[in-house]
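Worksheet: the structure to be examined is printed underneath.
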Amino acid sequence: MKTKIKWLLALLLFYNFYNSQTTFQTNGAPFNVHTTYAFVNATIFVDYETTLNNATLLIKDGKVLQCGTSVSIPKQAVQINAKGKYIYPSFIDIYSDYGIVIENKVPAPKTSVQLESNVKGAYGWNQAIKADVEAHKHFIHNKDKANELIKLGFGSVVSHSKDGIVRGSGVLLNLNANQKENQSVIIDKAAGFYSFNKGTSTQDYPGSLTGAIALVRQTYYDAQWYKTSANKTEYNISLDAFNRLQNLPSIFESNDKFNSMRAAKIGKEFNVKYILKGNGSEYQRIQDISSTGLKFIVPLYFPEAYDVEDVYDAESISLSELKHWELAPSNPSVLEKNNIPFCFTLSDLKDKSAFIKNLRKAVEYGLTEKMALKALTANPALFVNAYDKVGALKPNYFANFFISNKSIFDEEAEILQHWVNGEAMINNDLNPLDIRGNYKLLADNKTYNFKFFDNAIKPLAQVLIDTAKKNVSYQFNYNALQFSFKYDTINIARANGTYDANKKKFTGSMQMADGKWTDFELVYQNMVDTTKKVKPIAKKQDLKLGQVTYPFTAYGEALTNSDGIVKDVISKFKNRYKALLIKNATVWTNKGDSILKETDVYVVEGKIVRIAPNIDATALAFAKVIDAKGKHLTPGIIDEHSHIALTWGVNEWTKSSSAEVRMGDVINPEDINIYRQLSGGVTSAQLLHGSANPIGGQSAIIKLRWGCNAEEMKYENADGFIKFALGENVKRSTSHDNARFPVTRMGVEQLFNDYFTRAKEYDNAMKEFSLSKDKNKIAPRKNLELEALAEIINKKRFISCHSYVQSEINMLMHIADTFGFKVNTFTHILEGYKVADKMKAHGVSASTFSDWWAYKNEVMEAIPQNAALLTKMGVNTSMNSDDAEMARRLNQEAAKAVKYGNLTETEALKLVTLNPAKMLHIDNKVGSIEVGKVADLVVWSDNPLSVYAKAEKTIIDGNIYFDRDEDLKLREEVKNERARIIAKLLLEKQKGGKTQKHQGKHQRLYHCNTIEGVQEVEGCLR
Amino acid sequence: MKKLIYIFILFLSIYSKAQKTYTHIALYGGVAHIGNTTIIDNSLITILKNKIESVQNATGIKLNPSSFDTVIYLEGKHVYPGFINANNVLGLHDAEQVKATLDYAEIGNINPHIRSLIAYNTDNQIVPTIKTNGILYTQATPRGGLISGSSSIMALEGWNWEDAVLLADEGIHINFPQTIETKWSDDGEMSTSVNKKFSDDLNYLYKFFDDAIAYCKEEKPIEKNIRFEAMRGVLENKANLYVHADKAKDILNAIVFKRKYNIKKFVLVGAKDAYKVIKTIKSEKIPVMFNRVNDLPERIDDDVDQVYKTPYLLQKDSILFCLQLQGEMEAMQSRNLPFNAGVAVGYGLSKEEALAAITSNVAKIIGIEKLVGTLEEGKLASLIVSEGDVLDIRTNNIVLAYINGKQVNLTNKQTELYLKYKNKYGIK
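Chains as they are written, first to last, in the numbering used here: chain A, 22 to 1043; chain B, 5 to 432.
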């Protein structure tokens, strides 16, 4: 048996000899060391779930030889007694940029716009695609940074260049900065990295989140084409590198719960299982996060407490920010309870030393210690396929481990030693000499009482001179003692000596203040009292956390149980009421001019099933009954032109055509304006791209299902729409140094001509390919931009065109005729009244403002009678908002058509209900109150066209999403919840916790011409 | 024989260029909304030259038509004092994005000497569309800087600014330094942070007032300073000091400023957060030109109808306030002034209180209440007649208006274009 082990050991040693060879030539004799170290008697975490007591860890040449409770220790091994100590495998951070330095060689743009890439060489078209960056080629150790990480327990990282949308590969490396980089690299290409952030790229595209998403998608398609196409006409470093990245684990920086969903969706499209780098807000939408089935990297960053002592300043902190402060530490625990695989990163921590404190806090908030260790060792290793090398202390793993005096989750735990790649980077004596005790000091023929006391590692020292206690300052290193003290009021004695551990005695020489030398002896007498004052153990407090609400903002609803697991969100939102009976209302049906008095409307499972007086409620026991006596019931308001509920940009203005971008990718279901507009009776809206370029992006049609996620808000099976624009905005009239084509209406026409010509050719090529029987025929490159335009030609996508002046309106209808399609809608269309006859002939709809004008030159001929005139000419006409504020009172805007243009009241109401429904091709479902239609309804306190009318209940799919009485309760809840958390914050400050001044966030309000990164100038740009 | 003219005839007469000038007019049988919250259901209002001669209950009065040039039978139509559009750039620009037409914000931080009066263009393109909806006066107000300049009250009728002015240089506008500033960030959000310029700006403002007061006390200043000269009205409590502040803290800071200089004619403008510091505003008896009613709540967590209902809260606490529209497209939006008042009615204000907030209260705050703002004897005959309730969009239909006793042309470029294209298409 013994010999067998010896053989095994010998084999391991042999293996390790070759394993530790290097190619480096040295100046002088090589200084290679192959010492075996044995750490004995320790509590060892072999991995996150295996703890061995009284165990031995054997390491050599940077690797673990053995770890166990019955390890025989080779006689040549250096033994280190780790009795009472804890040994953990070093932590791993796979989302780091340690040691990566890349010089930016791309020339800066010479003008304020840069529409093309400035990178020289055979690279791809977009500067933000840096797939060719290979972090291992740029990795240089940085001792200070390495030490910072090592102190926290981290032994290895995957490091990458955090710059760009595609960021190239990352390198797994050991943080031993004493070694050459050659010895530190574990896996040269450990993972590929991606994000939505273009970083240092000076190229304007993408200028928005929707553009970034489109760029990522197009890059995948381009790369696929590049890989498979035999007759490609170009060589492309970026695409080549991108294809090589696909063999690696893909890490996507989302930095937001909704961006995680967006990245996951892209991953699904291209069959990539991303590892998502989140931001700690995952608990706020945990069931969506869970449904991705993806792995997560989350920062151990929790926001600092806000300074709320100023009552008014505190008011600018939103409830969602307050709640996030309270709940963020529970994020890891919620991830664990929902079985989401995750690991931690130090990224996002401004003060990295807060890491361990936050780790303990996460445990306090319910994370198990086992999972905490897993998220720092096994999981990060597994995520980058390195769990055979790092993350545990098993044979042949890297000898990366740290030794602490206590369990790392104990507040008093300290890292005494940290070994990386077999070398001690932190090396404190595990068993320091305890010199505490009462001593006799004999010097200058006198005897004094002397003592070392208090803590064992660095005791305090004191000497008694007569009856006065004098503090002694001293240094004790390697058994050499140097000390000094005041032996009367002013004179100081200084001494140097050595310690004899066997005799427990210090001896040496002392010099008195007058220069006289004398010998001294310091002799141990007995032990000092070492019993510690026991701190009363703080009782584990009930955390009393608030609940997660959907959405995570004021006026959201709590739908989780105490474990943070969502109870059936969808069913709660979608089928709150199986049936709904609205009684005695004045019903504006939108069927002709019909207004029914004292009528009941019965809704079952979201659909209108009966409209009649006196529907018997007793027979409908399950129905929720709304008494609408004296009130008006109308179809829900539909806003044809909205920019609410969108994230990070509404304009991808950086190209003259951005047909590839989709507003549906960037819906923000937490925008408070959704709730505010529900309070104005809005039930559906078309979220449009802006008007900064002639061909904008694809629209999203949503229902204002407050509380649901982005996908759930989208209209089911809606037709595709796209935003076009004409006139001053697309000419970039307010820009002083525009260089983008076109700058005249003449150019705008030819731009359309060009794009539709190319789209037609693209479409023909695609059709030809799909019909071809030649199996060797190669697919043309998929072009998301031309595909969207081809859909228009094929009548599968429909245009909403921002337009003002009659000439351009006329022009676009001619373009459409030329390419064989119809323009669906002219939006804004303030001069529509001048070409109403032509519009009628073309069959286009008009969606206009009620009375806006004079905000720019091209609207100086706008008239408030526009909607009425168009209606009278038989053009399907609506009123839209393009404005988060005005959208809350579109009913009043409709009334302006009565005032200015003498429309009947029923005609006017249709301007904001049935007519926009027709424009959006959803009039088969909504827009009128008819049996069989979806119950999107509003109960009004008064005639809906009256300025005095208030929406009392806003109903979508037969569910009440806004209720004025319920709203009053929600306001109370908001106030109470704020007060509760603010009280907690005040307590936190009193306890001496760190606080931060608030930097408030408001949802930005978008208009047509809002451009990211460009300050909005005085006045309105629409 | 004096003529009796019915509304429809009068309506047509608008288009006849040679309009006769009447000097003695009787408006009979209308619902008179006085503007001070009282109503006379069946009224007789007589106009002599440029002034209201009498306002009385017509019930029981036997009208002698022969004593008037014109008698107009209103038959239940509603009569109101003309609306006053407080704190607005109307008349100071045409197309908002065309720099060449902009005349409301001068360069510089301390501009008390800048006067909106002379930039007010009576031939401005927007003004006629505002008049059509019953707004007869506007407070032409400069913008920008810490001290923007002085405003003047202009009638929306006149050959030139000298002709149109009702009260010149009646007050100076200060944009009070904000403790919190708002910025756009790249990630699509608007963020608020501590305004680093706040103390500098505030000190500068205090110093300017100290210097101005010292200057004005000099019997013979060594050197004439037109900025300080422009401050005399405010410092002698003859002109208003309009202090624009929205957030609670800024309002309080402004009130401290008022106390220090003992400013008697102090008006808060904007005051979106007024409801938070309402007691202080009340105890100081400060009048408020309140923020646009059709505005979003200031903070995400605020009540969804906060701005809608604040006018009611001010009314409840007996604060003298009026409504105004400062904000996006404010000049063009001026025609919606009555509808902003209407929205506040939906949230608690009575209709007559809402009316006062755009008529008599505005006049009182500015200090022109002896001239305009109510239908009372001796005031200027600047009034409007609407077919229905003027505050509600669906019933607002101004059929007749007088400024200084002169009938106002209610057509504008937009009504003309409408007519032109109706004719083109043959629509009735």
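Here a beta-carbon is modelled for each residue, glycine too, at the ideal position from N, C-alpha and C.
Give me whichever residues DSSP pairs with residue i in a beta bridge.
{"i": "Q438 of chain A", "result": "A:I424, A:N448"}
{"i": "N500 of chain A", "result": "N500 of chain A is not bridged to any residue."}
{"i": "W669 of chain A", "result": "Per DSSP, none; premise fails for W669 of chain A."}
{"i": "W609 of chain A", "result": "A:I616"}
{"i": "G529 of chain A", "result": "A:G518, A:F541"}
{"i": "A90 of chain B", "result": "B:Q328"}
{"i": "R683 of chain A", "result": "A:Q719"}
{"i": "P416 of chain A", "result": "According to DSSP, which records beta bridges pairwise, P416 of chain A is partnered with nothing at all."}
So, using beta-carbon positions, are residue i and residue j closer together than 7 Å?
{"i": "E274 of chain A", "j": "S216 of chain A", "result": "yes"}
{"i": "L654 of chain A", "j": "I603 of chain A", "result": "yes"}
{"i": "V482 of chain B", "j": "R697 of chain A", "result": "This structure does not reach residue 482 of chain B, given that chain B is present from 5 up to 432, and the question cannot be answered."}
{"i": "I7 of chain A", "j": "I820 of chain A", "result": "No statement about residue 7 of chain A is possible, as the shown extent of chain A runs from 22 to 1043 and does not include it."}
{"i": "G33 of chain B", "j": "E100 of chain B", "result": "no"}
{"i": "N53 of chain A", "j": "T64 of chain A", "result": "no"}
{"i": "S311 of chain A", "j": "Y295 of chain A", "result": "no"}
{"i": "Y219 of chain B", "j": "F232 of chain B", "result": "yes"}
{"i": "L772 of chain A", "j": "S679 of chain A", "result": "no"}
{"i": "V329 of chain A", "j": "L1008 of chain A", "result": "no"}
{"i": "A760 of chain A", "j": "Y783 of chain A", "result": "no"}
{"i": "S868 of chain A", "j": "N901 of chain A", "result": "yes"}
So what does DSSP say about residue i, is it helix, strand or coil?
{"i": "Y854 of chain A", "result": "helix"}
{"i": "V238 of chain B", "result": "helix"}
{"i": "V919 of chain A", "result": "helix"}
{"i": "H37 of chain B", "result": "strand"}
{"i": "Q1036 of chain A", "result": "Any answer about Q1036 of chain A is weak, because its pLDDT of 36 lies below 50 and its placement is not dependable; what the coordinates show is given next. Three-state result, Q1036 of chain A: coil."}
{"i": "I285 of chain B", "result": "helix"}
{"i": "C220 of chain B", "result": "helix"}
{"i": "E124 of chain A", "result": "coil"}
{"i": "C1041 of chain A", "result": "Because the pLDDT at C1041 of chain A is just 33, under 50, the model does not fix this residue reliably, and the point stays unresolved."}
{"i": "A888 of chain A", "result": "helix"}
{"i": "Y246 of chain B", "result": "strand"}
{"i": "G346 of chain B", "result": "helix"}
{"i": "E691 of chain A", "result": "coil"}
At a cut-off of 6 Å, would you count residue i as near the ligand PLP, judging by its Cβ distance to the nearest heavy atom?
{"i": "K264 of chain B", "result": "As for the ligand PLP, it is missing from this structure, which has no ligand bound."}
Uninterrupted alpha helix (DSSP H) stretches inside the region 138-204 of chain A (no shorter than 4 residues): 164-172
Alpha helix (DSSP H) segments (min. 4 residues) lying fully within the region 119-164 of chain B: 131-135
Of all the residues that make up the region 333-346 of chain B, which are near chain A by a beta-carbon distance shorter than 8 Å? M333, A335, M336, R339, N340, F343, G346
Let me know the beta strand (DSSP E) ranges lying completely inside the region 964-1027 of chain A, each 3 residues or longer, listed in chain order. 972-977, 980-984, 1021-1024
Looking at chain B, which residues of the region 328-355 of chain A have a Cβ within less than 7 Å of any of its Cβ atoms? Y333, E336, S337, S339, L340
Where in the region 734-785 of chain A do unbroken runs of the beta strand (DSSP E), each at least 3 residues long, occur, reported from the N-terminal end onward? 741-746
Can you check the region 330-413 of chain A for any beta strand (DSSP E) of at least 3 residues that lies completely inside it and give the ranges in chain order? 363-366
Contact residues within the region 748-760 of chain A, judged by C-beta distance below 8 Å to chain B: E749, S754, T755
For the region 87-100 of chain B, enumerate the residues whose C-beta is nearer than 7 Å to any C-beta of chain A, in chain order. D98, A99, E100
Anything in the region 296-315 of chain B with a Cβ closer than 8 Å to a Cβ of chain A? List those residues in chain order, please. N298, D299, L300, P301, R303, I304, D305, D307, V308, D309
Taking a Cβ distance cut-off of 9 Å, strictly less, list which residues of the region 394-414 of chain B are near chain A, in chain order. L395, D396, I397, R398, T399, N400, N401
Given a limit of 9 Å on CB to CB distance, which residues of the region 872-884 of chain A reach chain B? D872, W873, W874, A875, Y876, K877, N878, E879, V880, M881, E882, A883, I884
Which residues of the region 938-968 of chain A have a Cβ closer than 7 Å to any Cβ of chain B? Give them in chain order. L966, S967, V968
Residues of the region 350-373 of chain B with Cβ closer than 7 Å to any Cβ of chain A, in chain order: G350
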